[in-house]
Structure formats: structure tokens, C-alpha cells
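Protein chains in written order, with this note's numbering: chain A, 18 to 504; chain B, 2 to 359. All remarks here apply to the structure that follows.
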């Protein structure tokens with residue numbers, strides 16, 4: 018077995034850790050038994066599972082601080098977890114470590130409507146922020162599909178995006194400041210209430226660092242004014258190439274849509290069966306293009322987009338007439354993952370990002386890989402920013418299918434790098450993509466990433482074995498096709 | 002694009018830096034030499050001229066991505082973008098055509114559109130950098146979303162070249178605005194801060210908000226109908242010399258910026274009150290960036306900036322051998338020193354430019 022415990026850490030005395038925790042947090046914050054720890058054994062990438070030594074769910078920042086100091090003193094690995102909706106096994110526990118759940122830090126501390134900011138604890142869900150500020154005519158921009166459940170702390174750890182990030186940016190563009198606890202338990206402020214801070218941009222470095230550099234205990238987010246109007250143009254195309262060209266044409270026309278999504282035929286059919294959104298079942302590709310802004314602006318740009326799609330061969334077009342219809346058109350897309358999930362016992366979601374011009378080539382090669390591995394694949398694509406989510410269908414009760422799905426996924430990520438893209442656009446590396454990091458980066462680059470880790474966490478106890486491969490093991494990462502204990 | 006034909010001298014640059022690193026020779030990185038007197042502390046090391054390392058290496062308008070070498074003048078980039086109707090959204094200062102892409106990123110300098118269009122840091126997609134050991138390294142890429150590895154690319158913004166020489170940078174670019182109107186109002190600074198923040202909370206195509214000498218300037222940019230209808234709703238006088246005004250603000254050529262008095266920059270919460278005794282003031286970035294002129298003491302002004310939720314820097318003038326940035330807390334300082342050690346173990350790149358201890 019090889020898992021998160023790649024780095025040699027001193028053996029941990031569970032009894033000593035438990036005793037220390039009992040002196041640090043109330044008893045009900047400690048989860049000791051195997052059965053009660055089960056819900057924490059994986060994140061949303063469920064094929065990777067591990068039980069920790071102990072789970073702790075602190076209720077206050079000083080408790081988190083005390084837990085970190087305890088673990089630092091004992092040399093215990095600490096894996097932070099928000100809502101567990103991550104898709105790269107980044108929050109999978111360490112078998113010799115403590116799982117630090119931050120879900121009880123769930124308070125919105127302060128909302129400043131005039132400055133358009135909110136201070137929130139890491140366990141607050143993404144959607145709860147928008148809900149809390151909606152009455153002020155504001156919202157929080159990044160909107161991952163899991164936004165009803167995913168936590169803002171997890172969003173910071175993964176630099177989460179969503180369907181609106183071409184226009185409104187990623188997490189890194191929408192936060193101002195963090196309260197960070199270092200591995201030693203020291204609290205520092207990263208960033209400020211201003212738009213930038215002098216010195217090294219630790220805010221950028223921390224965002225997307227997957228819990229490897231510190232523990233975020235408070236986030237100040239920027240809020241955006243809710244657009245006056247939004248409209249969706251849905252178009253079915255007879256080919257993926259045609260839809261890809263239409264995406265390019267929208268950008269070439271100088272339009273930056275609020276969202277621009279593509280789905281292939283299998284995804285269209287699954288979503289339509291699930292959501293009855295009125296998607297054209299016969300189309301090979303479907304585009305959803307959302308325009309937002311003032312009423313006049315939305316009316317004129319949606320007319321322009323509709324004409325573009327028609328000229329480029331769309332076989333069906335629907336323009337949302339009201340909010341209900343707009344919500345329905347999005348419902349299909351937003352439920353695409355669970356909808357595809359009904360087609361097979363399990364699915365494996367990939368996250369490569371590619372230059373938009375390569376979409377036809379990449380989707381054709383994915384189709385060929387689907388034949389090779391005898392596994393179906395549905396493609397959901399943030400077409401506006403080139404972020405591809407192929408959903409590989411398989412049966413996890415069959416070990417050979419797990420291996421095939423993993424290899425299929427790895428091939429897609431290698432392909433993404435080959436065409437000038439990257440292995441992960443928004444889901445993160447976690448445990449899952451360590452092997453592919455060696456395709457993305459040279460040994461020298463990986464060594465520098467490892468040194469950054471050392472700069473923040475010299476003992477390598479924060480989320481060890483995730484995010485950045487340990488260099489001396491790189492040959493193993495490169496040569497092992499699949500390195501996990503599925504059987 | 003003749004610029005693309007310019008010679009790639011990144012390997013020679015890397016070799017030069019490797020040699021300097023091995024010998025412990027200190028280097029001051031210079032692109033267009035437009036920012037030597039501003040932002041950072043004086044650096045007396047030997048000049049490493051990177052201005053010949055220029056040229057746009059890749060530009061895909063339909064991908065909204067442009068890649069250019071660090072020494073490329075911003076004007077060359079803007080010319081290439083303009084042919085496709087695209088722009089650098091962060092509205093950078095060109096400093097008489099001298100400003101380079103590498104220097105602009107290193108200084109994280111962005112213009113009046115920054116609160117809405119993002120900073121140069123926000124638009125960075127990837128960098129190729131040469132570290133203090135002369136290693137040529139690539140981070141990020143040419144795609145809109147990339148979370149593989151730590152965000153080393155955006156870390157370079159504001160690092161003033163102390164973590165590496167930026168040999169190539171990929172940026173997100175955007176279509177230019179189709180239409181723009183600037184509205185002008187007579188008002189005092191306190192009321193202006195309130196008004197600009199209230200307007201920024203409305204769903205409207207606001208693209209710049211500045212206050213100077215008793216006048217509030219609000220720029221609307223984008224779709225013509227959206228701009229015109231917002232202008233009708235908001236009222237105010239339409240400002241005829243708007244293009245020149247915003248250019249002079251961006252280029253720091255308004256009369257406010259002239260003269261030798263020390264120029265201080267405050268990056269603070271957009272709604273914060275004015276610093277007491279700090280006049281004259283220019284307020285930009287919808288309140289989040291304030292410029293002051295005068296002989297202040299760094300620590301004293303920093304205390305006021307901290308109350309306003311941010312930081313101050315001695316941007317130009319004053320004693321540039323002393324500290325020009327506030328001192329970080331001991332833990333942050335330790336982290337910054339370790340990062341410097343990681344990227345530049347011999348400490349040869351722009352020594353002391355950011356802090357005396359870095």
C-alpha cells in the first residue's frame with residue numbers, strides 16, 4: 018500500500034494525542050471511534066479512502082490554534098477539511114494524523130455593504146455568503162457547482178472557480194484577506210482590507226495551496242453588485258466542432274459572457290432525463306451562454322449571440338424569457354454531474370484546462386480513449402475558460418474498471434498538458450494528480466515547490482503527501498500507473 | 002509581428018545570473034529604467050539590463066491570452082492588442098513608453114480601472130522566471146484556470162524582482178470598452194468616498210472613480226446603452242477632457258504628482274475615513290488607493306493606514322535608503338525571508354530593494 022503517508026514521519030502515539038486533545042477542546046469535539054470517523058474517510062473523490070488516528074472539530078479559533086500547537090509539538094500530521102466536497106482527495110485523512118474539521122467555524126462575522134466586503138469563518142458555505150448579502154443587492158462571485166455545500170475555507174484552499182469565472186474571476190480574485198494559522202499555531206493576517214499589500218503576495222501563494230502551507234480561520238471576501246438582468250441563450254449544434262467555433266465567435270465579437278458552458282451528447286441526454294430543462298436530445302453539443310448587465314445591455318448582446326449561433330449552424334436555439342426559464346436552463350447544467358452519475362454505478366470527474374482552440378481535437382481523442390478503455394465518458398466543459406470536465410463512467414466494485422478509469426483519466430490529463438493546457442483548472446492536485454504533476458513540471462520546478470512547502474512547514478506535517486510530489490519519490494510517481502490500495 | 006522575431010536571450014540571461022549567483026555578485030534588474038526612483042529602496046548593485054529580452058512570443062486573440070518577454074515595452078503590447086480590439090484591462094502606466102511588462106508585473110502597478118478590471122497580478126496566467134541560481138523555471142501557463150502547484154506566478158507581482166528575473170509572462174487580455182463617459186461632481190472628499198462606494202454597489206458599468214481638488218470623477222465604460230442610461234440616472238456634468246484626465250492620472254502626470262515633495266501611497270479599505278492632517282490627498286480606486294504629498298514619518302503614517310485597514314508606502318522621494326514599506330510582523334517576516342532564500346539563496350537579485358533585510 019502506498020498512500021498519503023509517503024513522507025517518513027515519526028510514529029505518533031495515539032493515546033498521547035488523544036490526551037492532549039482532551040485538554041484542548043471539549044470532549045464532544047473529538048471523534049474517536051472508527052464508525053463515527055467513517056464520514057470523514059474521504060472527500061467527494063470517494064475512490065481514495067483512509068481513516069485518521071482521530072478527528073477533531075473545534076468550535077473556536079483559539080481551539081484550532083491550541084490543536085495546531087499540540088500537533089506541532091508532537092509532530093502529528095494535520096489534514097484540514099471543510100465540507101468534504103473536494104474532488105482530488107485533498108481532504109483524505111492521513112493514517113498517522115489528525116483530521117482537523119473546520120465545519121463548526123461557520124459564522125458570518127461581519128458584512129459591510131458599503132465597502133462590499135464580508136468577513137466569514139472558513140466553514141461558511143459559498144452559497145450562504147451570497148444568501149446573507151442578497152438583500153443588499155450583492156453576491157459573492159465564484160460559484161462552484163457544489164456551492165450549496167462547499168465551504169469558503171475549502172474554496173480558498175483549492176482556488177475554486179465555477180461557471181462565472183471567465184467574467185468574474187476565481188477565488189484568488191475575490192478575496193482580500195485571510196487570518197492564517199501557521200503550522201506552529203501562530204496567527205497572522207495575510208492581505209488587508211485594501212486591494213493590495215506591500216511585500217510578497219502571500220495571499221496569492223496561499224490561495225490554492227490545498228492546506229499545505231497553513232490553516233485559514235477567517236476570510237474577507239469581496240462582494241459584487243447583483244446584475245440588473247441576466248439572460249441565457251441555449252443552442253444545440255450538430256457537431257462539437259461547430260459549437261467550439263461558436264464559442265470562439267462570441268469571444269471574437271468582443272463579448273465576455275457571464276457564463277459559457279458546453280456539454281456533449283451523452284451529458285445532454287443525461288441532464289435532460291434528470292432535469293427536463295428542454296435540451297435538444299439530438300444535438301451533438303449544447304452551448305449555454307449567459308449574458309448579464311443592465312437590461313438594455315443584456316437585450317442587445319443576447320440578440321447578437323443568438324444571431325451568431327444561428328449563423329454558425331445552431332439547429333435549435335432557446336433564449337430565456339424570464340428568471341424561471343433561465344433557472345431551468347441552468348438546472349440541467351448544474352445537475353449534470355449527478356445526472357451523468359445515474360448512468361453508471363460511479364463516475365470519475367477530470368479537470369484539465371486546455372486552450373479553447375484545442376477543444377475539438379481533445380474531445381475526439383477522449384472519444385478514442387473511451388473506446389480503448391471500454392468506458393463511457395460524458396463531457397461537461399466550462400467552454401469560456403477552457404476547463405474541461407470529462408466524467409468517466411465505471412463500476413467501482415470491479416477493481417479492473419477502477420484501474421482503467423484511473424488510467425483513462427491520467428491519459429486525459431497528459432493530453433491536456435500536450436495541447437498546452439494544465440492538469441487541473443479548479444479541483445486541485447490533492448492525492449489524485451501527484452503523478453501528473455511530474456508531467457506538468459520539471460524536477461527543478463518541483464524542487465522549488467517543495468522548498469516553498471518547507472518555508473511554511475519545515476516539519477512537513479500539514480497535509481503531507483498531497484499537492485506537491487516529494488521529489489525523491491518522483492521516479493516512482495512517473496513509473497507507477499496507479500498507486501493506491503483499491504484492492 | 003516583428004517583435005516575435007527578436008532574439009530569445011533567456012538562456013544567456015540565465016547563464017549570466019548563474020555566474021553571478023556562483024560568484025555572489027549582486028544584481029539590479031533593469032528593464033525600461035522607468036521605475037528606478039519609485040516604489041522600492043535604492044539598490045546599488047550592478048545593473049543587469051534585460052531590455053533586449055523583448056518581443057511578443059504568442060498572442061491568440063480568440064483565447065484572450067498574450068505572452069511576451071519581460072523586457073517588452075507595454076506600448077508594443079498595446080499596439081498589437083489594439084489591432085484586435087483588445088486591451089490590457091488593468092490600464093497600466095506607460096511612463097513615456099519606457100515601461101516594460103516585466104517591470105509592471107514586478108511592481109504590481111495598475112491604473113484607475115483596477116477595482117473593476119483587476120490588477121496586473123489578477124491577470125497573470127503564467128510566468129517563466131530565472132531564479133537566483135540561474136535556473137529557468139515555468140509556472141502557471143497560457144490557460145485561464147490552473148491550480149497545479151502553488152501560485153508562483155502571481156507571487157511575482159509586487160516582489161520587485163527579488164524572487165527572480167521575469168523572462169516571459171502570459172496575461173489574460175480582454176476586449177476594449179466600446180463606449181465611455183465621465184461624470185463630474187463638485188463635492189468634498191468625505192462625501193465623495195461615500196458616493197463612489199454607494200455607486201460601486203449598484204449594478205452599473207462603473208470603471209473608474211477618483212476624487213481630486215473638490216471634484217469627484219466617475220467613469221462609465223462598456224455597452225453604449227448601459228453607459229448612457231446609467232449616466233442619465235446618475236446625473237452630473239459630463240466631463241469633456243476625460244481621456245486626458247484619466248491618462249494623466251494613470252501616468253502620474255496630473256499637477257498633483259509634480260514637484261519633489263515625498264509621494265505616499267495608501268492602499269486601504271475603500272470606505273475608510275481620510276487620514277488626519279494628510280493633505281493634499283488624491284483618492285483613486287473607488288477609495289481604496291489614496292495618494293498623499295508631504296513629509297510624513299513612515300511609522301506614524303502606517304499607524305493611520307492600519308486603522309484604515311491597509312498599508313502605506315513611500316512611493317517616490319524621501320529617504321530611499323531607509324525603509325519605504327511598513328515592517329511586517331515577525332512571523333510574516335520570517336516567511337518572506339524563507340521565500341527569498343528559496344528563490345534566491347545567494348541573495349543576489351535586487352538586494353534590499355523591497356526591505357533592507359531582504
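By construction, the Cβ of each residue, glycine as well, lies at the ideal position given by its N, Cα and C atoms. Only a predicted model underlies this, so the values are computations on that prediction, with no experimental measurement involved.
For my contact list, residue 262 of chain A and residue 329 of chain A are in at a C-beta cut-off of 8 Å; report their separation, rounded to the angstrom.
As a working note, residue 262 of chain A is residue 245 in the first chain. As a working note, residue 329 of chain A is residue 312 in the first chain. Confirmed, about 6 Å.
Could you give the uninterrupted runs of the beta strand (DSSP E) lying entirely in the region 385 to 429 of chain A, keeping only those of 3 residues or more?
The qualifying runs are 394 to 399 and 404 to 411.
Listed in chain order, which residues of the region 402 to 420 of chain A have Cβ atoms closer than 7 Å to some Cβ of chain D?
No chain D is present in this structure, whose protein chains are A and B.
Return the CA-CA distance between residue 28 of chain A and residue 484 of chain A, expressed in angstroms with no decimal places.
Here residue 28 of chain A is taken as the residue at index 11 of the first chain, counted from 1. Here residue 484 of chain A is taken as the residue at index 467 of the first chain, counted from 1. Approximately 22 Å, taken between the alpha carbons.
Using a Cβ-Cβ cutoff of 9 Å, what residues of the region 187 to 203 of chain B are near chain A? List them in chain order.
Hits within the stretch, in order: 195, 198, 199, 201, 202 and 203.
Is there contact between the region 289 to 305 of chain A and the region 409 to 426 of chain A, where contact requires at least three CB pairs shorter than 8 Å?
The region 289 to 305 of chain A is not in contact with the region 409 to 426 of chain A.
Under the rule that 16 or more other beta-carbon atoms within 10 Å means buried, what is residue 18 of chain A, buried or exposed?
Locating residue 18 of chain A in the first chain gives position 1, counting from the first residue. At residue 18 of chain A the pLDDT is 33, less than 50, meaning the model places this residue with poor confidence and gives no usable figure here.
So which residues on chain B does residue 439 of chain A lean against when the C-beta distance must stay under 7 Å?
Counting from 1 along the first chain, the entry for residue 439 of chain A is found at position 422. Neighbours of residue 439 of chain A on chain B, chain order: 142, 144, 147 and 149.
Assuming residue 242 of chain A contacts residue 309 of chain A under a Cβ cut-off of 8 Å, what Cβ separation, rounded to an integer in Å, is found between them?
Translated into the one-based positions of the first chain, residue 242 of chain A becomes position 225. Translated into the one-based positions of the first chain, residue 309 of chain A becomes position 292. Residue 242 of chain A to residue 309 of chain A, Cβ: 11 Å. No contact.
Taking the runs of the alpha helix (DSSP H) that are 4 residues or longer, which of them lie wholly in the region 27 to 68 of chain A?
Entirely contained in the region 27 to 68 of chain A, the alpha helix (DSSP H) runs reaching 4 residues are, in chain order, 31 to 39 and 51 to 54.
Tell me, please, whether the CB atom of residue 159 of chain B is closer than 7 Å to any CB atom in chain A?
As a first step, residue 159 of chain B is located in the second chain; it is residue number 158 there, counting from the start. Answer yes: the Cβ-Cβ gap between residue 159 of chain B and chain A drops below 7 Å somewhere.
Span of the alpha helix (DSSP H) holding residue 320 of chain B?
Within the second chain, residue 320 of chain B is the residue found at index 319, counting from 1. Careful: residue 320 of chain B lies outside any alpha helix (DSSP H) and carries neither H nor E.
Does any residue of chain B bring its CB to less than 7 Å from the CB of residue 370 of chain A?
Looking up residue 370 of chain A in the first chain gives position 353. So, interface residue.
Can you tell me which of A/213, A/180 and A/360 puts its alpha carbon nearest to the alpha carbon of residue 401 of chain A?
Here residue 401 of chain A corresponds to residue number 384 of the first chain, with the count starting at 1. Ranking A/213, A/180 and A/360 by Cα distance to residue 401 of chain A puts A/180 first.
Determine the extent of the alpha helix (DSSP H) in which residue 252 of chain B is found, giving its start and end residues.
Against the second chain, residue 252 of chain B aligns to sequence position 251. Unbroken run through residue 252 of chain B: none, as it is neither H nor E.
CA-CA distance, residue 247 of chain B and residue 302 of chain A?
Along the second chain, one-based indexing puts residue 247 of chain B at 246. Along the first chain, one-based indexing puts residue 302 of chain A at 285. Each residue's Cα considered, the two are about 44 Å apart.
Would you tell me roughly how many angstroms separate the C-alpha atoms of residue 167 of chain A and residue 60 of chain A, rounded to the nearest one?
Translated into the one-based positions of the first chain, residue 167 of chain A becomes position 150. Translated into the one-based positions of the first chain, residue 60 of chain A becomes position 43. Looking at the two C-alpha atoms, the distance is approximately 11 Å.
Please list the terminal residues of the continuous beta strand (DSSP E) segment that includes residue 251 of chain A.
As a working mapping, residue 251 of chain A is identified with position 234 in the first chain. Where residue 251 of chain A is concerned, the enclosing beta strand (DSSP E) stretches over 246 to 254.
Are any of the Cβ atoms in chain A nearer than 7 Å to that of residue 275 of chain B?
Numbered from 1 along the second chain, position 274 holds the residue referred to as residue 275 of chain B. Not one chain A Cβ lies under 7 Å of residue 275 of chain B.
Along the chain, which unbroken stretches of the beta strand (DSSP E) at least 3 residues long are found entirely within the region 273 to 313 of chain A?
You should have 276 to 281 and 302 to 310.
Apart from the five residues just before and just after residue 347 of chain B, which ones in its own chain have a Cβ nearer than 7 Å to its Cβ?
For this step, residue 347 of chain B is matched to residue 346 along the second chain. Result list for residue 347 of chain B: 22, 25 and 133, in chain order.
Report the residues of the region 104 to 127 of chain B with a CB closer than 7 Å to any CB of chain A, ordered along the chain.
Here the close residues are 109, 115, 116, 119, 120, 122 and 123.
Are residue 152 of chain A and residue 102 of chain A close, meaning C-beta to C-beta below 7 Å?
Locating residue 152 of chain A in the first chain gives position 135, counting from the first residue. Locating residue 102 of chain A in the first chain gives position 85, counting from the first residue. No, the pair does not count as a contact, with Cβ atoms beyond the cut-off.
What is the rounded straight-line gap between the Cα of residue 233 of chain B and the Cα of residue 199 of chain B?
The residue you call residue 233 of chain B lines up with position 232 of the second chain. The residue you call residue 199 of chain B lines up with position 198 of the second chain. When rounded, the distance between both Cα atoms is 17 Å.
My assumption, with CB atoms under 8 Å, is that residue 238 of chain B sits in contact with residue 58 of chain B. Please give the rounded CB distance.
Start at 1 with the first residue of the second chain, and residue 238 of chain B comes out as number 237. Start at 1 with the first residue of the second chain, and residue 58 of chain B comes out as number 57. Not quite, the Cβ-Cβ distance comes to about 45 Å (not below 8 Å), so this is no contact.
Answer with buried or exposed for residue 344 of chain A, where buried requires no fewer than 16 other C-beta atoms within 10 angstroms of its C-beta.
Within the first chain, residue 344 of chain A is the residue found at index 327, counting from 1. Exposed, because fewer than 16 other Cβ atoms sit within 10 Å of the Cβ of residue 344 of chain A.
So what does residue 186 of chain B bridge to, in DSSP terms?
The sequence position of residue 186 of chain B within the second chain is 185, counting from 1. Residue 186 of chain B is bridged to B/217.
Mind listing the chain A neighbours of residue 289 of chain B? Cutoff is C-beta to C-beta under 8 Å, in chain order.
Here residue 289 of chain B refers to the residue found at position 288 of the second chain. Under the 8 Å cutoff, chain A gives 211 and 212.
Between which residues of its own chain and residue 107 of chain B is the CB-CB distance below 6 Å, once the five residues before and five after are set aside?
Residue 107 of chain B sits at position 106 when you count from the first residue of the second chain. Excluding residues within five positions, the ones whose Cβ falls inside 6 Å are 161 and 162.
What is the residue span of the beta strand (DSSP E) that residue 121 of chain A lies within?
Reading the first chain from its first residue, position 104 is the one you call residue 121 of chain A. From DSSP, residue 121 of chain A is part of no beta strand (DSSP E); its letter is neither H nor E.
Keeping to the same chain, check which residues put their C-beta closer than 8 Å to that of residue 28 of chain B; ignore five residues upstream and five downstream.
Taking the second chain and counting its residues from 1, the one referred to as residue 28 of chain B is at position 27. Only 18, 21, 46, 47, 48, 49, 349, 350 and 351 meet the Cβ criterion.
Tell me, please, whether the CB atom of residue 262 of chain A is closer than 7 Å to any CB atom in chain B?
Residue mapping note: residue 262 of chain A aligns to position 245 of the first chain, counting from 1. False, the Cβ-Cβ gap to chain B never drops below 7 Å.
Starting from the beta carbon of residue 339 of chain B, find every residue of chain A whose beta carbon is closer than 8 Å, and list them in chain order.
For this step, residue 339 of chain B is matched to residue 338 along the second chain. Simply 471, 472 and 473.
Contact defined as beta carbons within less than 8 Å: I believe residue 114 of chain A pairs with residue 98 of chain A. What is the distance between those atoms, to the nearest angstrom?
Within the first chain, numbered from 1, the residue matching residue 114 of chain A stands at position 97. Within the first chain, numbered from 1, the residue matching residue 98 of chain A stands at position 81. Not really, about 12 Å apart at Cβ, beyond 8 Å.
At the level of alpha carbons, what is the spacing between residue 499 of chain A and residue 438 of chain A?
The residue you call residue 499 of chain A lines up with position 482 of the first chain. The residue you call residue 438 of chain A lines up with position 421 of the first chain. Annotation note: pLDDT 39 at residue 499 of chain A (below 50); position unreliable, coordinate value reported separately. Computed Cα separation, rounded: 22 Å.
Counting only runs that start and end within the region 326 to 370 of chain A, where is the beta strand (DSSP E) found for 3 or more residues in a row?
Within the region 326 to 370 of chain A, the complete beta strand (DSSP E) runs of at least 3 residues are 333 to 336 and 363 to 366.
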